[in-house]
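Undergrad: Handing you a structure now.
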Amino acid sequence: MVITGASSGVGRASALAFARQGARLVLASRSEPALETVAAECRAAGAQVRIVVADVTRPETVRAVAAGEAVDVWVHTAAVMAYGRFEDVPADVFDQVVATDLLGAATVARVALAGFRARGRGVLIFGGSLLGTVVTPYTSSYVTSKWGLRALVRALRLETRDAPDIHVCLVSPGAVDTPIYRNAANFAGRIGRPPPPIDTADKVAEAIVRCARRPRGTVTVGAANRLILFGFVATPALYDLLVGPLMRIAGLSRERIGPHPGNVFAPPPASAESAGGGRKRPRRR
């Protein structure tokens with residue numbers, strides 16, 4: 001099994017979930033120290049692990065991930081994020097988010113599907129997002145990427161209908177407690193955070209493991225996802241009226257921060273990348 005984006009968040013949780021089931025893993029991300037940490041945890045769980053430093057915006061490094069491997073499942077969760085009004089986010093930051101989250105996914109798909117076609121089988125699982133079906137302000141580059149990813153996955157699914165043992169899947173969670181929010185580029189003046197209700201990365205990883213065993217086209221993770229999507233589609237005027245204030249209250253913390261590019265162009269320190277999420281999960285009433 002290959003996991004790109006394995007050094008943190010859902011990718012890290014997925015690596016550990018597969019490791020506990022005895023999978024042979026190839027873990028890839030931009031940060032070698034963070035990969036070493038995750039690999040050690042996976043080996044402690046009994047898995048065989050190989051790590052590859054790779055950047056999904058550089059196709060030659062993605063090709064190296066699967067070199068010499070007979071890949072059964074490829075999980076792609078690598079993503080970056082930027083906060084701020086569209087006109088406040090520098091063009092190079094916006095473009096890099098799209099290049100990583102959308103074009104990087106396309107690069108992974110090219111490599112993975114080439115191997116699957118040669119073997120006649122395989123499961124490709126993309127980490128999507130609720131923001132691939134709805135829109136929030138201050139996240140325009142991320143939203144653009146995730147909407148594009150959903151279209152790409154649908155197109156790939158149609159184009160692999162001639163190969164019944166090749167599956168292209170999308171696992172789309174709502175808010176998840178991962179480091180992506182604090183590590184994001186920020187031009188909004190306040191550090192981002194996952195709006196409630198918040199799920200754990202482990203819960204999303206469980207859905208990915210189930211999808212690997214019994215592939216499904218689209219899997220949604222999150223108690224409020226369907227309600228939010230219903231509001232976006234059925235009552236767009238009300239959604240547009242409420243989403244801005246709700247995003248400012250729940251999606252941005254009160255912690256002030258100056259403009260910075262976050263981890264968009266380079267990985268953060270290993271401790272920040274491989275550690276847990278942004279905040280503790282609130283108790284459900």
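When we follow UniProt numbering, the leftmost residue of the sequence shown carries the number 1, and every step to the right adds one.
Just so you know, even glycine gets a beta-carbon here, dropped at the ideal spot from N, CA and C.
All values derive from a computational prediction rather than experimental measurement.
Excluding sequence positions up to five away, which residues of its chain have a Cβ less than 7 Å from the Cβ of Val168?
TA: Result list for Val168: Leu124, Val153, Leu156, Arg157, Thr160, in chain order.
Undergrad: Mind checking whether residue 357 and Leu149 have CB atoms under 8 Å apart?
TA: Nothing can be reported for residue 357: it is not among the residues displayed for the chain, which extend from 1 to 285.
Undergrad: For residue 317, I'd like the list of residues in its chain whose CB is within less than 6 Å of its CB, leaving aside the five on either flank, ordered along the chain.
TA: For residue 317 there is no data in the structure shown, the boundaries of the chain being 1 and 285.
Undergrad: Should Val80 go down as buried or exposed, given a rule of 16 or more other Cβ atoms within 10 Å for buried?
TA: It is buried - the Cβ of Val80 has at least 16 other Cβ atoms within 10 Å.
Undergrad: In the DSSP assignment, find the unbroken alpha helix (DSSP H) run with Ser145 in it and report its ends.
TA: Looking at the DSSP string, the run of the alpha helix (DSSP H) that includes Ser145 is 140-159.
Undergrad: Alpha carbon to alpha carbon, how far is Ala109 from Arg117? Give it in angstroms, no decimals.
TA: Going from the Cα of Arg117 to the Cα of Ala109 covers about 12 Å.
Undergrad: Quick one: grab the DSSP three-state call for Ile257.
TA: In this structure, Ile257 counts as coil in the three-state DSSP scheme.
Undergrad: If you run the structure through DSSP and keep just helix, strand and coil, what is Lys183?
TA: In the sequence as presented, Lys is not what sits at residue 183; that position holds Asn. If DSSP states are grouped into helix, strand and coil, Asn183 belongs with the helices.
Undergrad: Just grab the DSSP bridge partners of Gln48 for me.
TA: Arg24.
Undergrad: How far does the beta strand (DSSP E) with Val233 in it reach, from first residue to last?
TA: That residue, Val233, is in no beta strand (DSSP E); its alpha helix (DSSP H) goes 225-234.
Undergrad: Could you give the uninterrupted runs of the alpha helix (DSSP H) lying entirely in the stretch 100-144, keeping only those of 4 residues or more?
TA: Qualifying alpha helix (DSSP H) stretches, in chain order: 104-119.
Undergrad: Which two residues bound the contiguous beta strand (DSSP E) that contains Ile166?
TA: Run containing Ile166: 166-173, per the beta strand (DSSP E) assignment.
Undergrad: Count the CB pairs spanning the stretch 206-226 and the stretch 246-265 that are closer than 8 Å, and state whether there are at least three.
TA: No: fewer than three Cβ pairs fall under 8 Å.
Undergrad: So, with DSSP's three-state summary, where would you put Asp162?
TA: DSSP places Asp162 in coil when its eight states are reduced to three.
Undergrad: Alpha carbons only, please: which of Phe126, Ser14, Tyr181, Ser141 is nearest the one belonging to Ala106?
TA: The residue with the shortest Cα to Cα distance from Ala106 is Phe126.
Undergrad: Out of Val171, Asp202, Ile249, which one is the CA nearest neighbour of Arg214?
TA: Comparing Cα-Cα distances from Arg214 to each of Val171, Asp202, Ile249, the minimum goes to Val171.
Undergrad: Verify whether the separation of the beta carbon atoms of Thr144 and Val93 is less than 8 Å.
TA: Cβ distance not < 8 Å, so Thr144 and Val93 don't count as in contact.
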